[in-house]
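Numbering (mature numbering (1 follows the signal peptide of the UniProt record, and there is no 0)) for the sequence shown: -32 to -1, 1 to 302. What follows is a short report on a single structure.
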Amino acid sequence: MTGTGALAVQARPATLALLAMALMSASASAQAPPQPAATPADRAATRDRILEDAIPLTPEMIRELARRFGEVQRAREESVAIIAAPVSRPVNAGFQPGQPTSIVQTVRGYPTALSFFDATGQPWPIAWDTNSNNANVSGGGGAGVGGCSTSPNAGPAGPGGPAAELAGFHVCVPVRGSNTIQITPMSMAPRGGLLVNLQGAPKPISFLLVAGQARYDADVSIHVASRGPNARIQIDTRPGAPVTGAPYLTAMLSGVAPADAVPLAVSGVSPDAVRAWRLGNQIYLRTSHTLLSPPWDASQYGEGGTTVYALPQTPVVLLSVNNRTVSAELREER
């Protein structure tokens, strides 16, 4: 056998083996069933599984979590919040020796305003202020410079307290030359003192700041028994007539008369501008107009041009209303 024939004999078994393997593979392919195509329902189920894996919370669950979170936040705030009623009242002050220190009630979360007026009812600007329990972080507004969030709370000689404390009061004069000072307690139970020096005043006016409970001083009008730099010209119709009368004159400025005062009906002028009472042997007239007659014995000026006059009993008074003389009749209400 030649060499070529020997090679052909050797290659034949290999060829036969390859042919057999191909036949077996074709037979196996013919026997395997074809894979069915994915239906729309299968694709939707797959998409739902992917969305659930990416966002496990349903919209209802998210809304329920938001509702519970809001309830927790409200409960947390209500546990420390205090519901307090605002009080607006006048206070008499002065520079006499032994003058009592006025107490101001404050509640955290509620601002307090102290406004200063002189004996003629004109605003008395604040020169500087300082408080003994300062909690001003970035502002105070002392030294009359204003700016509650930018200016340090300082007296004429320097800072009125540390830059920040854990508990105390934030005190400031918001506008340069203002007669109002703002007080905000920064803790649940603050306590401290406040000194306010008015422009041209001989000495400061002191206050004691305490924590209130169900009530707080929202608006306090401080009536100082002296003439300030903006005092209006005062006309006394009786020689030696006092500037201020009985202590209840200040309360009458707010429209609150003593319990035994008898209200009087007023005719001839607007009842909104004039109110009158009879107390003892005197008539007390609260008005925004100027009293011309009869001569008055005492008076108390308030903010907004309101004045309370104490005068002898009379059935008629003369008032200056818009530069006109107007007669007003007083009589007991029936």
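Yeah, the Cβ is synthetic: ideal placement off N, Cα and C, and Gly gets one too. None of these values were measured; they are calculated from a predicted model.
Around the beta carbon of ASP240, a 10 Å sphere encloses fewer than 16 other beta carbons of the protein chains shown; the residue is thus reported as exposed.
Burial state of VAL284 is exposed, judged by a 10 Å Cβ sphere holding fewer than 16 other Cβ atoms. Distance check between MET220 and each of LEU176, ARG57 and GLN41 places ARG57 closest, using alpha-carbon atoms only. As computed with DSSP, GLN268 is found in a beta bridge with VAL276.
As the crow flies, the alpha-carbon of GLY272 is around 14 Å from that of ILE190.
Bounds of the alpha helix (DSSP H) holding TYR216 are 216 to 221. DSSP places ALA233 inside the beta strand (DSSP E), whose first and last residues are 230 to 235. Shown here for GLN281: same chain residues with a beta carbon closer than 8 Å to its own, the five before and five after excluded, namely ARG246, ASN249, GLN250 and ILE251 in chain order. The continuous alpha helix (DSSP H) containing ASP21 extends over residues 8 to 22. Put simply, the backbone Cα of TYR269 is about 25 Å away from that of GLN73. Excluding residues up to 5 positions away in sequence, LEU279 and THR282 lie with their Cβ nearer than 6 Å to the Cβ of PRO262 in the same chain. The beta carbon of ALA52 sits closer than 7 Å to the beta carbons of VAL75, TYR78, GLY180, ALA182, ARG183 and TYR184 from its chain, once the five residues preceding and following it are set aside; these are given in chain order. Contact fails between the region 9 to 19 and the region 133 to 148, because fewer than three Cβ pairs, one in each stretch, are under 8 Å apart.
The DSSP assignment places 160 to 166, 173 to 179 and 183 to 192 as complete runs of the beta strand (DSSP E) inside the region 160 to 199, in order along the chain (cut-off: 3 residues). Annotation for THR274: GLY89, LEU221, ARG254, THR255 and SER256 place their beta carbon closer than 8 Å to its own, counting only its chain and skipping 5 residues before and after.
It is roughly 21 Å from the alpha-carbon of ALA225 to the alpha-carbon of PRO54.
The Cβ neighbour count for LEU287, taken over all protein chains shown within 10 Å, is at least 16; the residue is labelled buried.
Contact annotation: SER174 and THR69 have beta-carbon atoms nearer than 8 Å. Annotated three-state conformation of PRO58 is strand, per DSSP.
In the displayed model, ILE50 falls within coil according to three-state DSSP, outside both helix and strand.
In this structure, ARG159 and LEU177 form a Cβ contact; the two beta carbons are roughly 7 Å apart against a cut-off of 8 Å. Comparing alpha carbon positions, the residue from VAL234, PHE63 and ALA244 closest to PRO170 is PHE63.
If the five residues before and after ALA227 are omitted, its C-beta is found closer than 6 Å to no C-beta atom of its own chain. Between the alpha carbons of GLY66 and LEU163 lies a distance of about 16 Å.
Between the alpha carbons of TYR216 and PRO142 lies a gap of roughly 31 Å.
Between ILE94 and PHE85, the C-beta spacing is not below 8 Å.
Burial is judged here by how many other beta carbons sit within 10 angstroms of a residue's own beta carbon; PHE37 has fewer than 16 and is exposed. Around the beta carbon of VAL40, fewer than 16 other beta carbons lie within 10 angstroms, which makes this residue exposed.
Following the DSSP letters along the chain, one finds ARG76 in no beta strand (DSSP E), marked with neither H nor E.
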